[in-house]
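The sequence shown begins at 1 in the UniProt record's numbering and counts up one residue at a time. Note that the Cβ used here is the ideal one computed from N, Cα and C, for glycine as well. These figures come from a predicted structure and were not determined experimentally. The structure under discussion appears below in the form of structure tokens.
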Amino acid sequence: MNTRHLLSNAQNGNFEAAVQVFINYRDGILGFEKNEGQAQIAFENIIKILNTDFFLSTLTISNFRKILELELNLHKNLTVLIGENGVGKTSLLESIRKNLMWIAATARKENTNGGTIDVDDVNNLNKDKGAYIDCEFQIGNAYKFKGRVARLPEGILSDLKSDLVSYREIGKKFRLLNNYKSIDLPLFALYGIDRLSKDARKARASDFDKLSGYDGSLSSKASFNVFSEWLIRLLKIANTVVDNVDSLKIRNQVDSLLQAGANNKDHPLYELYEDLVSVLELYPNDRTNNQSKKAIKFLEELFRKIYPDLNHIELVNADDGEDKVALNLEREIIFLHQFSDGQRVLFGLIGDIARRLLLLNDVSDTPFDGRGIVLIDEIELHLHPSWQQKIILILRESFPNIQFIVTTHSPHILTTVEAECIRSIYIDHETNTFKYEIPKFTKGAQSNVVLEDVFYVDPRPQEVEEVKLLEEYISLVNQDKWDSERGTELRQKLDEWGKNKETELDRIDVEISLRKFKRSKK
């Protein structure tokens, strides 16, 4: 590609070209004169492209677990996957995760690996064909890249292979750019159904490093305890009066030990050196103190979407010596450790996303506007129906530039989602292929309408005895036999069950009145 063409592509939003222009100006290569000013302009163009878009556009699967063949187009902001149990919704999230792992891993460190397809993941009917998962992503308005994670068939020659070059290149570019000047890195995360699992470990100094925003982000376990411990540590740093004199003394000791070679494991003072380094890492300074205060302000604003009357978050040292996080509301104080399972899931999810965005967007004035792809399995998990009607709205409002890809069985969730964002996965048994459909109307609809029209489930439980009697009675009314011996018997039982409570009986009474009038005219 000639220089003019490269510059044109970069200006038109091609991420790859923009990065190459930056490198060329920075290093003075490929016909470009080294120019730090032009390199900075090129760098700013890259940031502009990254801030425009980053999303997964297409997922293509072959022989992965139960899914034989499927090509799925995803909405750039939100995709909600629905379908019967066993249709493969969780497998779809898992397939995306395996691809994202390569980008996240390489963004952290060169020559690291991502997800693979295990031999047991290959569809049992097609072990001789192997399996693959293709993902196509888009950065900005004009750059797309593809990758493939594949599993070759066992003991059979095949042309099938993984294609991870683009993933490694994207991760490498993120790393290169961030090393030049801190950038907002995209978040990649999976929250599985085991996200309520407990993790008793304490927050570490490394949990506050920028790239720790990727630590365990695709492992499926977003522990509420990890977020809680991180928040405790954050509050401690924010509340600490910075003593630069004391920290300087420790730093001087570390420097002296370094000069003596104590960083060598064989040195007799190695353990002392390690201990002092650990203490120094935990020691707050002006920068970390201010950053922590700023992060807490962001979190307080975020949590007001759940508790509008929240005044502030504070750290309380209880009589038992344990640090506890308190939410001070207008009329009460709520402690995080006293949360119900539903509250823990909600705060654990929103809090973990917020924590990672604060880390990955460490120089941003609006860290929750960061980009990325977040996968959530059974988003309604442990949530009361009233919160099921809020969770998607809260997530989209709180993190407007994240692409959420979620699964659900809840009609309450779908009543808050545009139909164009929903993918109803099903198996075409005639062709034995996986397909999907997009419903016509969901957002703002009544839950029972969504249950019937989208999930194809009768709002009334058809196996309940009273419902069977009601259906039989309706049939008799339609045949003008409501006053037959069987009709009278049924009505007596139904009145015992639902008189003055079941509106369908009132509707039936109106129907009977009309039929009586018509009968009298004959």
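Checklist entry - Using the rule of at least 16 other Cβ atoms within 10 Å of the residue's Cβ for burial, across every protein chain shown, is T407 buried or exposed? => result Here residue 407 corresponds to residue number 407 of the sequence shown, with the count starting at 1. Per the 10 Å Cβ criterion, buried.
Item to check | Inter-residue Cα distance where the pair is L74 and I427 | outcome: Walking along the sequence shown from the start, residue 74 turns up at place 74. Walking along the sequence shown from the start, residue 427 turns up at place 427. Their Cα atoms are separated by approximately 19 Å.
Checklist entry - Around the C-beta of F15, are 16 or more other C-beta atoms found within 10 angstroms, so that it is buried, or is it exposed? => result Taking the first residue of the sequence shown as position 1, residue 15 is located at position 15. Result: buried.
Item to check | Segments of 4+ residues assigned as alpha helix (DSSP H) that fall wholly inside the region 362–393 | outcome: Counting only runs of 4 or more, we get 385–388.
Checklist entry - Can you tell me whether V122 is buried or exposed, with buried defined as 16 or more other CB within 10 angstroms of its CB? => result Locating residue 122 in the sequence shown gives position 122, counting from the first residue. Under this definition V122 is a buried residue.
Item to check | Beta-carbon gap between A10 and Y25 smaller than 8 Å | outcome: On the sequence shown, residue 10 is found 10 positions in, with the first residue counted as 1. On the sequence shown, residue 25 is found 25 positions in, with the first residue counted as 1. Contact flag unset, no.
Next on the checklist: Let me check one thing: in DSSP terms, what residues is G147 bridge-paired to?
Outcome noted: Translated into positions along the sequence shown, residue 147 becomes position 147. Paired residue(s): C135.
Next on the checklist: Less than 6 Å between C-beta atoms, sequence neighbours within five positions excluded: which residues of the same chain meet that for E330?
Outcome noted: One-based indexing of the sequence shown puts residue 330 at position 330. Only D309 meet the Cβ criterion.
Next on the checklist: Between the alpha carbons of V119 and E71, how many angstroms are there, rounded?
Outcome noted: For the purposes of this step, residue 119 is taken as the residue at position 119 of the sequence shown. For the purposes of this step, residue 71 is taken as the residue at position 71 of the sequence shown. When rounded, the distance between both Cα atoms is 22 Å.
Item to check | Supposed close pair I392, V417 - CB separation, criterion 8 Å | outcome: In the sequence shown, the residue the question calls residue 392 occupies position 392. In the sequence shown, the residue the question calls residue 417 occupies position 417. Indeed, because the Cβ distance is near 6 Å, the residues count as touching under 8 Å.
Item to check | Distance CB(G372)-CB(L187) smaller than 8 Å | outcome: Counting from 1 along the sequence shown, the entry for residue 372 is found at position 372. Counting from 1 along the sequence shown, the entry for residue 187 is found at position 187. Yes, Cβ-Cβ distance for G372 and L187 is below 8 Å.
Checklist entry - What residue from N2, D215 and D458 has the CA that sits closest to R355's CA? => result Numbered from its first residue, the sequence shown carries residue 355 at position 355. Looking only at N2, D215 and D458, the smallest Cα-Cα distance to R355 is reached by D215.
Item to check | Whole-number beta carbon distance between R97 and L190, since they are thought to touch under 8 Å | outcome: Counting from 1 along the sequence shown, the entry for residue 190 is found at position 190. Counting from 1 along the sequence shown, the entry for residue 97 is found at position 97. Their Cβ separation, rounded to whole angstroms, is 5 Å, which keeps L190 and R97 in contact under 8 Å.
Checklist entry - What does a CB cutoff of less than 7 Å around residue 586 pick up in its chain, not counting 5 residues either side in sequence? => result Residue 586 falls outside the range modelled here, since the chain spans only 1 to 522, and no answer is possible.
Checklist entry - Just the Cα atoms here: how many angstroms apart are E33 and I23? => result Locating residue 33 in the sequence shown gives position 33, where the first residue counts as 1. Locating residue 23 in the sequence shown gives position 23, where the first residue counts as 1. Their backbone Cα atoms lie some 11 Å apart in a straight line.
Checklist entry - Hey, P411 and L451 are a contact pair by Cβ (cut 8 Å); roughly how many whole angstroms apart? => result Here residue 411 refers to the residue found at position 411 when the sequence shown is read from its first residue. Here residue 451 refers to the residue found at position 451 when the sequence shown is read from its first residue. That belief holds up - the Cβ atoms of P411 and L451 are roughly 4 Å apart, short of 8 Å.
Next on the checklist: If I follow the unbroken beta strand (DSSP E) through R331, where does it start and stop?
Outcome noted: Residue 331 sits at position 331 when you count from the first residue of the sequence shown. For R331, no beta strand (DSSP E) run applies, since DSSP gives it neither H nor E.
Checklist entry - Taking DSSP as the reference, what is the three-state secondary structure of N63? => result For the purposes of this step, residue 63 is identified with residue 63 of the sequence shown, where counting begins at 1. Correct three-state label for N63: strand.
Next on the checklist: Does the contact criterion of 3 or more C-beta pairs under 8 Å hold for the region 469–484 versus the region 508–519?
Outcome noted: A contact exists between the region 469–484 and the region 508–519.
Item to check | Buried versus exposed call for L514 [16 or more other C-beta atoms within 10 Å across all chains shown] | outcome: If you number the sequence shown from 1, residue 514 lands on position 514. Exposed is the label assigned to L514, since fewer than 16 other Cβ atoms lie within 10 Å of its Cβ.
Next on the checklist: Measuring only the C-alpha atoms, how far is G348 from F227?
Outcome noted: Position 348 of the sequence shown, counted from the first residue, corresponds to residue 348. Position 227 of the sequence shown, counted from the first residue, corresponds to residue 227. Take the alpha-carbon of G348 and the one of F227: they are about 7 Å apart.
Item to check | Neighbour-count burial assignment, K501, 16 or more Cβ in a 10 Å radius | outcome: As a position in the sequence shown, residue 501 is number 501, starting the count at 1. Note on K501: under 16 other CB atoms within 10 angstroms of its CB, so exposed under the neighbour-count rule.
Item to check | Spatial distance of K48 from P153 (CA atoms) | outcome: Walking along the sequence shown from the start, residue 48 turns up at place 48. Walking along the sequence shown from the start, residue 153 turns up at place 153. Straight through space, the alpha carbons of P153 and K48 are spaced by roughly 43 Å.
Item to check | Between the CA atoms of V464 and H409 - distance to the nearest angstrom | outcome: One-based indexing of the sequence shown puts residue 409 at position 409. One-based indexing of the sequence shown puts residue 464 at position 464. When rounded, the separation of the alpha-carbon atoms in H409 and V464 is 21 Å.
Item to check | Own chain, CB closer than 7 Å to D243, minus 5 neighbours either side, in chain order | outcome: Along the sequence shown, one-based indexing puts residue 243 at 243. Residue confidence is low: D243 scores 49 on pLDDT, short of 50, so the model does not pin down where it sits. No coordinate-derived value is stated.
Checklist entry - What residue from Q388, C421 and F368 has the CA that sits closest to N401's CA? => result As a position in the sequence shown, residue 401 is number 401, starting the count at 1. Minimum Cα-Cα distance from N401 among the listed residues Q388, C421 and F368 corresponds to F368.
Next on the checklist: At the level of alpha carbons, what is the spacing between N317 and N239?
Outcome noted: The residue you call residue 317 lines up with position 317 of the sequence shown. The residue you call residue 239 lines up with position 239 of the sequence shown. A direct Cα-to-Cα measurement between N317 and N239 gives close to 13 Å.
Item to check | First through last residue of the alpha helix (DSSP H) which encompasses A104 | outcome: For the purposes of this step, residue 104 is taken as residue 104 along the sequence shown, with counting starting at 1. Counting along the chain, the alpha helix (DSSP H) containing A104 begins and ends at K89 to R108.
Checklist entry - So, using beta-carbon positions, are L346 and I296 closer together than 8 Å? => result In the sequence shown, residue 346 corresponds to position 346, counting from 1. In the sequence shown, residue 296 corresponds to position 296, counting from 1. With contacts defined by Cβ atoms closer than 8 Å, L346 and I296 do not form a contacting pair.
Checklist entry - Who are the Cβ neighbours of S158 in its own chain at under 7 Å, not counting the five residues just before and after it? => result The residue labelled residue 158 in the question sits at position 158 within the sequence shown. Closer than 7 Å at Cβ, skipping near neighbours: G130 and L152.
Checklist entry - From L359 to S212, what does the alpha carbon distance come to, in whole angstroms? => result Your numbering for residue 359 matches position 359 in the sequence shown. Your numbering for residue 212 matches position 212 in the sequence shown. Rounded to whole angstroms, the gap between the alpha carbons of L359 and S212 is 7 Å.
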